[in-house]
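A.B. asks:
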Amino acid sequence: MLQISLQELRRVADSLATLRGQMVVGAVMRSDRRQLRVELGDGRMAVVSIDADADGRPRLEFDVVRRPAEQPQLEVRFESA
Numbered sequence: 003m004l005q006i007s008l009q010e011l012r013r014v015a016d017s018l019a020t021l022r023g024q025m026v027v028g029a030v031m032r033s034d035r036r037q038l039r040v041e042l043g044d045g046r047m048a049v050v051s052i053d054a055d056a057d058g059r060p061r062l063e064f065d066v067v068r069r070p071a072e073q074p075q076l077e078v079r080f081e082s083a
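Numbering (my numbering), first residue to last: 3 to 83.
#1: I want to know whether the segment 62-76 touches the segment 29-48 - three or more CB-CB distances under 8 Å.
#2: Give the C-beta separation of residue 1 and residue 54 to the nearest angstrom, bearing in mind that I take them to be a contact with Cβ-Cβ under 8 Å.
#3: So, for residue 36: in the same chain, excluding its five sequence neighbours on each side, which residues have a beta-carbon less than 8 Å away from its beta-carbon?
#4: On the criterion of 16 or more Cβ atoms from any shown chain inside 10 Å, does residue 40 qualify as buried, or is it exposed?
#5: How is residue 56 classed by DSSP in three states: helix, strand or coil?
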């Protein structure tokens with residue numbers, strides 16, 4: 003059975019609270035059920051995953067990330083002499 007510390011659950015709950023009221027536009031779970039990605043309407047993505055720590059015990063990870071803004075491509079022209 004997976005045991006998660008109360009401190010980790012509080013950290014996840016606090017992070018989820020910042021997402022309250024956001025529109026969910028998509029969600030994808032990995033086939034091995036170790037990661038859930040939730041895409042939000044404002045461009046952020048919430049990622050919940052379970053990984054093993056250094057001792058092999060399961061660790062709950064939760065991240066909220068924003069997609070990088072698309073950078074305009076620079077056009078460089080070389081003139082030959």
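Virtual Cβ for every residue (Gly too), placed ideally from N, Cα, C.
C.D. replies: For this structure:
#1: Judged by Cβ distances under 8 Å, the segment 62-76 makes contact with the segment 29-48, as three or more pairs qualify.
#2: The displayed coordinates of the chain run from 3 to 83. Any statement about residue 1 would go beyond what the structure contains.
#3: Listed in chain order, the non-local C-beta contacts of residue 36 below 8 Å within the same chain comprise 51, 52 and 53, local neighbours out to five positions each way being set aside.
#4: Looking at its Cβ environment, which holds 16 or more other Cβ atoms inside 10 Å, residue 40 is buried.
#5: Under the three-state reduction of DSSP output, residue 56 falls in the coil class, being neither helix nor strand.
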